[in-house]
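S.K.: The opening residue of the sequence shown carries number 41 in the working numbering; numbering runs sequentially from there.
So that we are looking at the same thing, I have put the structure below in structure tokens.
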Amino acid sequence: MIPQDHPRYRSLMTRERLAAAAREGVLAMEGLTAHGRGEAFDYLIGERTTESAALAERTAAALILSARHPVISVNGNTAVLVAEEIAALQEATGALVEVNLFHRTEERIRLIEDLLTRAGVDVFSGQAERLLPLSHDRAWCRREGMFSADVILVPLEDGDRCEALTKMNKTVIAIDLNPLSRTARAASLTIVDEITRAVPGITRASQELDPNECERLIARLDNHYLLAEAIREMTTRLAACSGSRSTGPAP
Ligand code: PTJ
């Protein structure tokens, strides 16, 4: 039982949710360690959406709204943390939502699709094929789904598929708190923000943007700048915290 007045209440409740989902088989056990890595980087940005992440979220909205065939790829961590927020993003953008897993089993696919459907997502399911040039099971996807996508949102991804999708000339938008990861480096646009803040951020922007601003944001997209800014935010905060007083979240 976690007391509501615990300074880390929200974070501890999120861990409880993820642990329960791992026990139910929705989340891969490896998803727990992936989340822990994310938490560490979230500490470094102060557990808030930085200015550069907000710009990345607006740019992501512009790319999705301007796409011919946008697809949101969902894995176990994403489904457990933001199923309802994915439904809202789908409603705001009309993007197709497809489950794609690294630790793939038919049982997990079914559990995650059910979870998303209960949250209000219109899930693109059906027969998957081994279509992506990858030796692991992220290669499985649907021909009319992510295989044909021009813009694809890949939250909490491993680097391999991100690189493969980019080589297939797709515009890849990653959500990854680690600005040094292969995914963050290979993506066309990386949002260095926690997924529970990033997805609503993209949805809000999708509801606000007009076609002119979409065009302006896309023309100015510079992922090297966004990653450099994320690293600068982290190092500035580290330098401030190593001084006399910490300004960060309670440990
Ligand atoms: O459900 P599956 O089988 O597809 O597996 C999903 C995981 C996440 C286990 C799989 O994709 C994986 O192993 O991912 P990686 O290689 O650990 O990469 C996940 C990245 O997401 C890491 O760089 C983390 O820093 C980052 N991350 C973790 N939690 C969050 C996050 N970024 C944003 N918000 C988070 N909550």
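Backbone N, C-alpha and C fix where the C-beta goes; we use that ideal spot for every residue, glycine too.
In the DSSP assignment, find the unbroken alpha helix (DSSP H) run with Ile235 in it and report its ends.
M.R.: Residues 235 to 248.
S.K.: Using DSSP with H/G/I as helix, E/B as strand and the rest coil, what is Ala123?
M.R.: In this structure, Ala123 counts as helix in the three-state DSSP scheme.
S.K.: Rounded to whole angstroms, what's the CA-CA distance from Thr54 to Arg260? Just pull it up for me.
M.R.: Thr54 and Arg260: Cα-Cα distance of roughly 35 Å.
S.K.: Count the CB pairs spanning the segment 125 to 132 and the segment 62 to 70 that are closer than 8 Å, and state whether there are at least three.
M.R.: These segments do not touch.
S.K.: Assess, as a yes-or-no matter, whether the segment 190 to 197 is touched by the segment 244 to 259 under the definition of 3 or more beta carbon pairs within less than 8 Å.
M.R.: Cβ pair count under 8 Å is below three, so no.
S.K.: Tell me, please, which residues DSSP counts as bridged to Ile192.
M.R.: Its beta-bridge partners are Val111, Val212.
S.K.: DSSP on Glu131, reduced to helix/strand/coil?
M.R.: It is helical.
S.K.: Can you list, in chain order, the residues of its chain with a C-beta nearer than 7 Å to that of Gly160? Leave out the 5 residues immediately preceding and following it.
M.R.: Cβ within range, chain order: Glu124, Ala127.
S.K.: Quick check on Leu257: does DSSP put it in helix, strand or coil?
M.R.: Leu257 falls in the helix class under three-state DSSP.
S.K.: Comparing C-alpha positions only, which one of His176, Leu217, Ala119, Val232 sits nearest to Ser92?
M.R.: Residue Val232 is the option with its Cα nearest to Ser92.
S.K.: For Thr90, which residues from the same chain have a beta carbon less than 6 Å from its beta carbon, with the 5 sequence-adjacent residues on both sides left out?
M.R.: The residues are Glu273.
S.K.: Tell me, please, whether the segment 93 to 112 touches the segment 179 to 194 by the rule of three or more beta-carbon pairs shorter than 8 Å.
M.R.: In short, these stretches touch, since the Cβ pair count reaches three.
S.K.: Hey, would you say Glu79 sits closer than 9 Å to Gly241, going by beta carbons?
M.R.: For Glu79 and Gly241, no; Cβs fall outside 9 Å.
S.K.: Taking 5 Å as the limit, name every residue whose beta carbon sits nearer than that to some heavy atom of the ligand PTJ, in sequence order.
M.R.: Every residue passing the under-5 Å Cβ criterion appears here: Ala68, Glu70, Gly71, Ala74, His75, Arg77, Gly78, Asn115, Gly116, Asn117, Leu141, Phe142, His143, Leu196, Asp198, Asp216, Leu217, Asn218, Ser221, Glu234, Ile235.
S.K.: Helix, strand or coil for Arg170? Go by DSSP, reduced to three states.
M.R.: Arg170 falls in the strand class under three-state DSSP.
S.K.: Taking contact to mean at least 3 C-beta pairs separated by less than 8 Å, is the segment 173 to 193 in contact with the segment 140 to 151?
M.R.: Enough Cβ pairs lie closer than 8 Å, so yes.
S.K.: For Ile85, which three-state DSSP category applies?
M.R.: The answer is coil: DSSP assigns Ile85 none of H, G, I, E or B.
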